[in-house]
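Using UniProt numbering, read the sequence shown as starting at 1 and increasing by one per residue.
For glycine and all other residues, C-beta sits at the position ideal for the given N, C-alpha and C.
Below is one structure; the comments refer to it alone.
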Amino acid sequence: MKAAWLAGLMLVFCLTGCESDEWKSKNEQLSKQVAQLESELLIQRKAEQMRINEVNRLQQQIIEMNRTSKEQQNWIDRQNVTMDRVKRLTEMKSFSYTVLAEGTSKNKKEKVVYVSDVPDSTVDQETYLLRASIEFANEPEFTISLWRDKELAIRYSKGDYDEKETIIGWSGFRARFGVIRQSEEEHRLLLFLSMDDIDNLEFGKYTNQER
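Right, here's the structure in full:
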């Protein structure tokens, strides 16, 4: 009886041990599979990050190329504008002007200049302004206002006008087509497109600064 009991107990231990070894083997296999999957996922993440980095690098290159291309085009456009201005200046047949006043009722450092035969065209008025900037290039610290109408220019110099004639000021300002400002702080060319619209030109030493 005792021998049979011992034999049964040994059989149970044997079966239990076999089951334990089998579960251990399966656990090891699963652990290896999990480790392999983690390794593959890590490789995939690295590859994906490399692709993202490459896309970002290419996008940055495109941005830099576009910026460079835009800067080059801006430079070309400026050169074309300069060439056109020089061409117009060399084709000018005459430039006749009269200094009507050296100092006005409101600004003792402003010269009032009447320029004869200035056309109505904005492009032509720009050419006359550029020509005047060359003519008065060596003037020391002066504001020079350029006028197409002599009588209105004289009235302006004497202060003989109504600043509140219209909502945007004296109507006579339509005859003023340009202003040259020269000082240690700034050199500016202002082209008057209308009474309340001004274009700040770049030409030579005259730089385009914020008004």
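Write down the C-beta distance between A132 and I180 rounded to the nearest angstrom, noting that I regard them as a contact closer than 8 Å.
6 Å
In whole angstroms, what is the alpha-carbon distance linking I144 and M83?
25 Å
Locate the beta strand (DSSP E) running through S194, then write down its first and last residues.
187-194
For V179, name the three-state secondary structure that DSSP assigns.
strand
With a floor of 4 residues, list each alpha helix (DSSP H) that falls wholly inside the region 95-149, ordered by position along the chain.
122-135
Simplified DSSP state of G172, which is helix, strand or coil:
helix
With 16 other CB atoms within 10 Å as the buried threshold, where does W147 fall?
buried
Quick one: measure Cβ to Cβ for Y114 and T98, integer angstroms, because I've assumed they're closer than 8 Å.
5 Å
Can you give me the Cβ contacts of A101 inside the same chain, cut-off strictly under 6 Å, excluding the 5 residues immediately before and after it?
V112, S157
To the nearest angstrom, how far is it from the Cα of residue 244 to the Cα of V123?
With the chain covering only 1 through 211, there is no way to say anything about residue 244.
In whole angstroms, give me the CA-to-CA distance for S31 and L42.
16 Å
By the three-class DSSP mapping on this structure, what secondary structure does D197 have?
strand
By the three-class DSSP mapping on this structure, what secondary structure does T82 have?
helix
Count the other CB atoms within 10 Å of the CB of E110; is the residue buried (16 or more) or exposed (fewer)?
buried
Using three-state DSSP, classify T166 as helix, strand or coil.
strand
Rounded C-alpha distance that separates A137 from S116:
20 Å
Determine the DSSP secondary structure at Y161, reduced to helix, strand or coil.
coil
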